[in-house]
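In this note's numbering, the protein residues as written are 2 to 187. All residues carry an ideal CB built from backbone N, CA and C; glycine is no exception. In this text the structure is predicted, and so the values were computed from the model without any measurement. Some notes on the structure that comes next.
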Amino acid sequence: MMKTKVEIIRGDITRIPVDAMVNAANSRLAGGGGVDGAIHRAGGPAIMEELNVIRQKQGGCPTGEAVVTGAGKLPARKVIHAVGPVWTGGNQNERELLALAYRNSLLRAVETGARIISFPNISTGIYGFPKKEAAKIALKTIFDFINEHPDAFDKILLVCFDEENENIYHEEMKKYPVNAKFSNNP
Ligand code: AR6
């Protein structure tokens with residue numbers, strides 16, 4: 002029996018209470034539009050102040066990696082700023098880098114002791130990653146991780162902002178019947 006529940010939710014990630022909220026950041030950790038902008042607006046300036054310190058120490062965050070800050074006014078304890086790849090056609094390791102962004106976020110979440118975490122659909126907005134392929138990579142990376150670390154999390158929320166991503170995620174989730182069975186029998 003799978004202990005970690007993986008759920009698809011449609012909505013604004015900044016409104017959903019969790020232990021750790023993943024952000025789709027950029028490698029300069031400079032803030033921006035999309036979900037990154039929403040997280041900084043809702044969380045307040047404390048998050049950027051912490052990112053400034055991290056930037057001074059390590060000069061940003063390479064693509065595929067993730068850094069952790071507090072969550073300011075957000076309904077979370079931590080924000081995990083993951084840097085997904087910019088899609089430039091698929092020949093620049095974009096798929097591997099997207100998988101790494103998910104995997105490193107999960108590793109950072111474990112380190113902070115988070116039991117409930119939320120993900121946006123990293124790289125599928127401004128960074129232009131094809132949505133269906135991104136969803137396949139996200140689900141495979143997440144299910145591989147929870148098979149390796151079955152006690153790590155109680156719940157992983159996959160927060161879809163747009164209907165297209167929500168539909169794609171529900172379709173791709175059918176490939177993980179163990180999880181579906183668990184979700185129907187909580
Ligand atoms: N809650 C959940 N998901 C959201 C929200 C929200 N409030 N707002 C947007 N999304 P994007 P990227 C979805 O563009 O493609 C920023 O400028 C959105 O519909 O936020 O990884 C950063 O600073 C999409 O499905 O991130 C980087 O420079 C998903 O979140 C760059 O954008 C990701 O879209 C990162 O681009």
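Neighbourhood of residue i by C-beta distance below 7 Å, restricted to the same chain and skipping five residues each side
i: D152; result: K4
i: S119; result: I14, I17, V19, M22, V23, L158 and V160
Nearest to residue i (by Cα), restricted to the options the options
i: S28; options: G45, C62 and H41; result: C62
i: L101; options: P178, V179, I9 and A25; result: A25
i: I117; options: D155, G44, I17 and V23; result: D155
i: Q93; options: F130, I157 and H150; result: F130
i: E66; options: I10, N180, F120 and S106; result: S106
i: E149; options: A39, I81, K175 and L108; result: L108
i: D20; options: A31, I138 and I81; result: I81
i: V54; options: V111, E172 and L30; result: L30
i: G71; options: A47, G91, S119 and Q59; result: A47
i: L159; options: E172, L140, A110 and G45; result: L140
i: L98; options: Y128, V69 and D163; result: Y128
i: K132; options: D163, P178 and A43; result: D163
i: V111; options: I138, F146, G90 and E172; result: F146
i: I10; options: Y177, P178, K176 and H171; result: H171
Residue i classed as buried or exposed, judged by whether at least 16 other C-beta atoms fall within 10 angstroms
i: P76; result: exposed
i: N122; result: buried
i: T113; result: exposed
i: R16; result: exposed
i: A136; result: buried
i: G12; result: exposed
i: A115; result: buried
i: G126; result: buried
i: E167; result: buried
i: G38; result: exposed
i: E51; result: buried
i: K79; result: buried
i: G44; result: buried
Sequence-distant residues of its chain with Cβ nearer than 6 Å to residue i (five each side left out)
i: E95; result: P86 and W88
Cβ-based neighbour list, residue i, same chain, cut-off 8 Å, excluding 5 preceding and 5 following
i: N180; result: M3, K6, V7, F144 and M174
i: A83; result: V23, N24, A25, A26, E66, A67, A102, Y103, N105, S106 and I123
i: E134; result: R96
i: M49; result: G32 and H41
List in chain order: all unbroken beta strand (DSSP E) runs of 3+ residues lying wholly within the stretch 69 to 138. 79 to 84 and 117 to 120
Curious, which full-length beta strand (DSSP E) runs of at least 3 residues does the stretch 6 to 52 contain? 6 to 11 and 21 to 26
Report the start-end ranges of each beta strand (DSSP E) in the stretch 152 to 184 that is 3 residues or longer and not cut off at the edges. 156 to 161
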